[in-house]
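Structure first, commentary second.
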Ligand SMILES: [Zn+2]
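Numbering (my numbering), first residue to last: 17 to 202.
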């Protein structure tokens with residue numbers, strides 16, 4: 017019988033966050049998903065830009081404010097054009113930006129972590145404290161380690177058999193490199 021550590025790394029490219037909130041049309045709490053479309057409203061020289069979410073059940077829309085009453089000149093021209101073009105990559109980037117949800121007081125659906133057969137959750141990366149706080153709001157305990165490599169190593173040392181590494185797009189390639197390197201050291 018082998019006592020060699022069996023370590024499975026799994027990288028999951030997380031899609032945009034889902035929002036869980038009351039849907040007035042459905043009359044109960046429902047999941048809202050990223051439509052990857054923007055809404056831009058110009059009023060004089062002030063701009064409002066929203067990322068449009070919609071209820072998965074009835075498509076009732078939920079607008080998440082990216083910019084509110086901002087001077088046109090203060091928004092980068094290139095980004096402005098991408099809003100008008102409904103640039104999918106930009107919409108996904110905002111859909112994974114936890115600060116957008118905090119700003120809009122939109123509850124992100126972390127419930128699938130709750131009660132799942134998870135031993136521990138470690139949040140990592142430059143936004144790890146924001147993320148940890150967000151989880152705390154919904155009563156999910158987590159540990160924080162800003163350094164991704166340290167976080168993975170610590171969990172491999174002290175964790176159980178399977179380690180799942182969930183990354184957002186920004187961290188995808190750097191995290192993959194870290195895991196590749198660790199695999200080489202095994
Ligand atoms: Zn609905």
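Note that the Cβ used here is the ideal one computed from N, Cα and C, for glycine as well.
No experiment lies behind these values; they were computed from the predicted model shown.
Could you please give the first and the last residue of the uninterrupted alpha helix (DSSP H) stretch that includes residue i?
| i | result |
| --- | --- |
| residue 166 | 164–174 |
| residue 143 | Where residue 143 is concerned, there is no enclosing alpha helix (DSSP H), given that its DSSP letter is neither H nor E. |
| residue 107 | 104–111 |
| residue 98 | 93–100 |
| residue 117 | 114–119 |
Residue i by DSSP, collapsed to three states: which one?
| i | result |
| --- | --- |
| residue 88 | helix |
| residue 52 | strand |
| residue 189 | helix |
| residue 152 | helix |
| residue 44 | strand |
| residue 181 | strand |
| residue 134 | coil |
Whole angstroms are fine: how far does the CA of residue j sit from the CA of residue i?
| i | j | result |
| --- | --- | --- |
| residue 32 | residue 84 | 22 Å |
| residue 105 | residue 115 | 17 Å |
| residue 188 | residue 178 | 19 Å |
| residue 48 | residue 34 | 6 Å |
| residue 198 | residue 191 | 11 Å |
| residue 167 | residue 117 | 25 Å |
| residue 180 | residue 172 | 11 Å |
| residue 184 | residue 73 | 26 Å |
| residue 91 | residue 122 | 24 Å |
| residue 147 | residue 125 | 13 Å |
| residue 136 | residue 174 | 10 Å |
Taking 7 Å as the cut-off, does the CB of residue i come closer than this to any heavy atom belonging to ligand 1?
| i | result |
| --- | --- |
| residue 166 | no |
Got a sec, what are the start and stop residues for the beta strand (DSSP E) residue i sits in?
| i | result |
| --- | --- |
| residue 35 | 35–39 |
| residue 65 | 62–71 |
| residue 160 | 159–161 |
- Any chance you could list the residues with Cβ under 5 Å from a heavy atom of ligand 1, keeping chain order? 39, 41, 42, 46, 71, 73, 74 and 76
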